[in-house]
Amino acid sequence: MGVNFGDYVYIAGGRSLFGIGFKNDVWRSKDGSDWELVTDNAPWAKRAYHIMVVHNNCIHLMGG
122 MGVNFGDYVY IAGGRSLFGI GFKNDVWRSK DGSDWELVTD NAPWAKRAYH
172 IMVVHNNCIH LMGG
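Count along the sequence shown from 1, add 121, and you get the number used in the working numbering.
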């Protein structure tokens, strides 16, 4: 699941390739086709099955 924030769509974390392990990376895109890695090691635990929402001009990642 991604969220719109500013000029970008952001996605974070999830299952690794082939479903082995979890990730704590963050990616963003302006067009949904070309993606830029923001970080491959965000300051939270690796997770999947989480949600992201925008509230009070911040992106909040919950669960997973």
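The beta-carbon is built from N, C-alpha and C at its ideal position, and this holds for glycine as well.
In the displayed model, residue 140 falls within a helix according to three-state DSSP. Around the beta carbon of residue 147, 16 or more other beta carbons lie within 10 angstroms, which makes this residue buried. Collapsing the DSSP output to three states places residue 129 in a strand. DSSP, read as helix, strand or coil, puts residue 145 in strand. Nearest C-alpha to residue 134 among 142, 128, 153: 142. Spanning the alpha carbons of residue 158 and residue 145 requires a straight line of approximately 12 Å.
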